[in-house]
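Undergrad:
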Amino acid sequence: MPRDPVVVSVISGVTSHASKVMLKDTQPSFLSFLSLYKYTKNIMTFSSLPYIPLKFHFPCNNLLLYLSDYQSSFLQEKKYLVIMALQRALLYSFFIISISIISSYSCSQEDPLNNYLEEQASGYDSQAYPSYIDDGGFKDLIKLRSDVLGLQTFSKERGSKSTPVITVGVKDFGVKDDGGDDTDDTETFERAWKEACSSPEGAIIVVPEYTYRLKPIRFQGPCKSNIALQVHGTIEASCNQSDYKKDSRHWLLFDNVENLLVEGGGTIDGNGKIWWENSCKVNKSLPCKEAPTAVTFFECQNLIVKDLKIQNAQQMHVSFKKSNHVLVSNLTVTSPEESPNTDGIHITKTQNIQITDSVIGTGDDCISIVSGSHNVQAKGITCGPGHGISIGSLGAHDSKDHVSEVTVNGAKLSGTANGVRIKTWQGGSGNVSNIKFQNIEMNKVTNPIIIDQNYCDQDKPCKQQVKNSILQDLHN
């Protein structure tokens with residue numbers, strides 16, 4: 001039977017000093033439902049006091065977190081949830097923190113999209129939160145499913161009268177069999193892609209069981225029809241860093257491709273060890289240089305990526321940038337815990353993306369969602385090791401960033417540095433709105449919930465930025 005929840009609610013939100021919320025004598029699973037339902041501007045988390053108030057315009061609106069059967073040894077030991085500091089906005093303002101016990105309702109374990117389609121409640125009371133409980137952008141996901149799911153059966157219908165399909169095998173274009181470090185199958189893949197992409201009929205590129213070595217390659221669109229890449233073997237990245245002189249930021253790049261299916265149960269291996277060893281985060285004496293993202297989908301529409309193992313990326317494993325209508329499922333993404341900047345799935349300027357049933361363990365964020373992303377849904381995510389599931393970082397270099405309509409429903413995090421977090425740099429601006437984390441299980445997570453507006457990811461301390469401040473009538 002679920003425990004009655006503890007609700008920590010910020011009723012009215014301005015103060016000039018940091019406040020610590022202490023939850024003493026609680027059980028490890030004390031939090032079955034947490035709602036920060038009136039999230040005001042300038043909320044920050046800290047690991048220590050004192051705090052010097054700074055002007056920072058980065059509101060996080062309508063932030064909602066649901067956590068069922070929440071367990072964390074960190075909470076059990078430390079006996080506190082979060083340290084919150086909200087800046088003074090008015091001279092005669094007030095700050096009220098209420099901790100109360102209310103009746104709980106079990107959170108639905110179902111897919112939010114299916115909940116919407118079936119018009120069922122999903123564990124929260126829409127009347128209690130009328131300002132932001134809406135369809136959550138699910139109408140866009142319905143369109144996504146109708147646009148994209150036709151690709152699910154695309155590879156199974158090859159040769160049928162209704163769906164004429166040609167099959168292009170990479171081995172038809174010649175594959176080198178020496179298997180040494182100097183092996184280069186890049187041209188073979190380029191020729192196979194060119195033939196498939198130029199076909200007026202649907203085309204499937206088959207990568208049989210074998211190990212292929214590729215230099216950086218661009219799979220360029222637009223293509224004339226639907227296209228699928230079936231990876232049954234192993235695709236390895238070249239270990240020679242000089243091969244990346246023309247493009248040091250990408251290894252496998254899908255550029256401007258519409259109606260694309262990438263699947264097959266095979267492995268994509270970034271051979272990232274040489275890059276990690278030469279990272280300035282690992283070897284402080286070396287200069288900081290860019291490293292390639294293993295797989296990038298840039299400006300792709302109606303995209304499915306599923307049933308793949310992606311490992312040992314040079315930097316990020318999978319990146320979706322400026323893409324729309326994306327379904328991701330059943331990915332296994334892994335690299336060593338100490339590998340630097342190896343985000344599992346990175347989402348930027350992408351809309352209408354759904355990630356399901358994936359296992360991610362890397363040296364950085366399992367999932368990172370950054371500026372320009374809207375309507376992101378994730379369910380059935382297993383995360384660890386890594387840095388958790390993050391929104392951000394946002395606002396670097398005084399930029400103006402926006403992220404909205406994000407739902408993470410059902411995730412298990414184990415042995416991660418962080419659980420769920422929002423991170424922004426000083427000096428930036430923008431908006432983070434309608435964020436829902438629900439049904440999250442955590443085990444041995446150091447920082448379960450973080451909202452950090454003083455993020456700094458560099459060797460030297462970040463410059464403190466103070467704006468619109470007046471000091472007067474000071475006396476010694």
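Read in the UniProt record's numbering, the sequence shown has 405 at position 405, and its numbers run on one by one without any break. Ideal Cβ positions, reconstructed from N, Cα and C, are used throughout, including at glycine.
What residue from S323, D401 and K289 has the CA that sits closest to I304's CA?
TA: As a position in the sequence shown, residue 304 is number 304, starting the count at 1. Looking at the Cα atoms, S323 is the closest of the given residues.
Undergrad: In three-state DSSP terms, what is D398?
TA: Here residue 398 refers to the residue found at position 398 when the sequence shown is read from its first residue. Helix at D398.
Undergrad: How far does the beta strand (DSSP E) with K436 in it extend, from its first residue to its last?
TA: Translated into positions along the sequence shown, residue 436 becomes position 436. Residues S429 to N443.
Undergrad: Can you pull the DSSP bridge partners for residue 478?
TA: The chain is shown only over 1 to 476; residue 478 falls outside these bounds and no answer can be derived.
Undergrad: The ligand ZN and I304: does the residue's C-beta get closer than 8 Å to at least one heavy atom of that ligand?
TA: Inclusion of the ligand ZN in the displayed structure is not the case, the ligand content being empty and no account of it being possible.
Undergrad: Verify whether the separation of the beta carbon atoms of I345 and S358 is less than 9 Å.
TA: Position 345 of the sequence shown, counting from 1, holds the residue named residue 345. Position 358 of the sequence shown, counting from 1, holds the residue named residue 358. Cβ distance < 9 Å, so I345 and S358 count as in contact.
Undergrad: What does the Cβ neighbour count give for V432, buried or exposed, with the cut at 16 atoms within 10 Å?
TA: On the sequence shown, position 432 is the one that residue 432 refers to. Buried, since its Cβ has 16 or more Cβ neighbours within 10 Å.
Undergrad: Using the beta-carbon count (16 or more within 10 Å), is S335 buried or exposed?
TA: Stepping through the sequence shown from its first residue, residue 335 is reached at position 335. The residue is buried, with at least 16 neighbouring Cβ atoms inside 10 Å.
Undergrad: Determine the extent of the beta strand (DSSP E) in which R249 is found, giving its start and end residues.
TA: In the sequence shown, counting from the first residue as 1, residue 249 sits at position 249. It is not in any beta strand (DSSP E) - R249 carries neither H nor E in the DSSP assignment.
Undergrad: For D343, which three-state DSSP category applies?
TA: Within the sequence shown, residue 343 is the residue found at index 343, counting from 1. Coil.
Undergrad: Apart from the five residues on each side of it in sequence, which residues of its chain come closer than 6 Å, Cβ to Cβ, to N259?
TA: Here residue 259 refers to the residue found at position 259 of the sequence shown. Hits under 6 Å: N226 and N302.
Undergrad: Assuming contact is defined by CB atoms lying nearer than 9 Å, are T342 and A313 in contact in what I supplied?
TA: To locate residue 342, count along the sequence shown from 1; it is residue 342. To locate residue 313, count along the sequence shown from 1; it is residue 313. It is a contact, given that the beta carbons lie within the stated cut-off.
Undergrad: Going by the CB atoms, is the gap between D269 and I235 shorter than 9 Å?
TA: Taking the first residue of the sequence shown as position 1, residue 235 is located at position 235. Taking the first residue of the sequence shown as position 1, residue 269 is located at position 269. Yes, the pair counts as a contact, with Cβ atoms nearer than the cut-off.
Undergrad: Use the C-beta contact count for K436: other C-beta atoms within 10 angstroms, 16 or more gives buried, fewer gives exposed.
TA: Taking the sequence shown and counting its residues from 1, one reaches residue 436 at position 436. Buried, since its Cβ has 16 or more Cβ neighbours within 10 Å.
Undergrad: Would a check of beta-carbon distances place A192 closer than 9 Å to chain B?
TA: The question asks about chain B, but that chain is absent: this structure has only one protein chain.
Undergrad: Note the first and the last residue of the continuous beta strand (DSSP E) segment covering E263.
TA: As a working note, residue 263 is residue 263 in the sequence shown. First-last of the beta strand (DSSP E) with E263: E258 to E263.
Undergrad: Taking DSSP as the reference, what is the three-state secondary structure of K306?
TA: Working through the sequence shown from its first residue, we reach residue 306 at position 306. DSSP places K306 in strand when its eight states are reduced to three.
Undergrad: So for K412, helix, strand or coil by DSSP?
TA: For this step, residue 412 is matched to residue 412 along the sequence shown. Residue state, collapsed to three classes: strand.
Undergrad: From what residue to what residue does the alpha helix (DSSP H) around F189 run?
TA: Numbered from 1 along the sequence shown, position 189 holds the residue referred to as residue 189. Taken as a continuous stretch (DSSP letters only), the alpha helix (DSSP H) holding F189 covers T186 to C197.
Undergrad: Do I440 and V408 count as a contact pair if the criterion is CB distance below 9 Å?
TA: Along the sequence shown, one-based indexing puts residue 408 at 408. Along the sequence shown, one-based indexing puts residue 440 at 440. Yes, the pair counts as a contact, with Cβ atoms nearer than the cut-off.
Undergrad: I'd like to confirm the pairing. Which residues does DSSP put opposite A228 in its beta bridges?
TA: Here residue 228 corresponds to residue number 228 of the sequence shown, with the count starting at 1. For A228, which the question treats as bridged, DSSP gives the partners I204 and L261.
Undergrad: Bridge partners of A378, per DSSP?
TA: Counting from 1 along the sequence shown, the entry for residue 378 is found at position 378. Note: A378 sits in a beta bridge opposite I355 and V408.
Undergrad: On a CA-only basis, which of K246, R249, G202 and K171 is nearest T211? Give me that one, please.
TA: For the purposes of this step, residue 211 is taken as the residue at position 211 of the sequence shown. The shortest C-alpha separation from T211 is found at K171.
Undergrad: Indicate the three-state DSSP secondary structure (helix, strand or coil) for V326 in the structure shown.
TA: On the sequence shown, residue 326 is found 326 positions in, with the first residue counted as 1. Of the three classes helix, strand and coil, the one that applies to V326 here is strand, per DSSP.
Undergrad: Would you report the Cα separation of residue 480 and A294, rounded to the nearest angstrom?
TA: Since the displayed the chain opens at 1 and closes at 476, residue 480 lies outside it and no answer follows.
Undergrad: Just to confirm the assignment, what range does the alpha helix (DSSP H) spanning K349 have?
TA: Taking the sequence shown and counting its residues from 1, one reaches residue 349 at position 349. From DSSP, K349 is part of no alpha helix (DSSP H); its letter is neither H nor E.
Undergrad: If we ignore side chains and look at the alpha-carbon of each, how far apart do S248 and E290 end up?
TA: Here residue 248 corresponds to residue number 248 of the sequence shown, with the count starting at 1. Here residue 290 corresponds to residue number 290 of the sequence shown, with the count starting at 1. Roughly 6 Å between the two C-alpha positions.
Undergrad: For a quick check, are the C-beta atoms of D184 and L214 less than 9 Å apart?
TA: Here residue 184 refers to the residue found at position 184 when the sequence shown is read from its first residue. Here residue 214 refers to the residue found at position 214 when the sequence shown is read from its first residue. Against a cut-off of 9 Å, the Cβ pair of L214 and D184 comes out as a contact.
Undergrad: If I follow the unbroken alpha helix (DSSP H) through E277, where does it start and stop?
TA: Within the sequence shown, numbered from 1, the residue matching residue 277 stands at position 277. Note, E277: alpha helix (DSSP H), K273 to E277.
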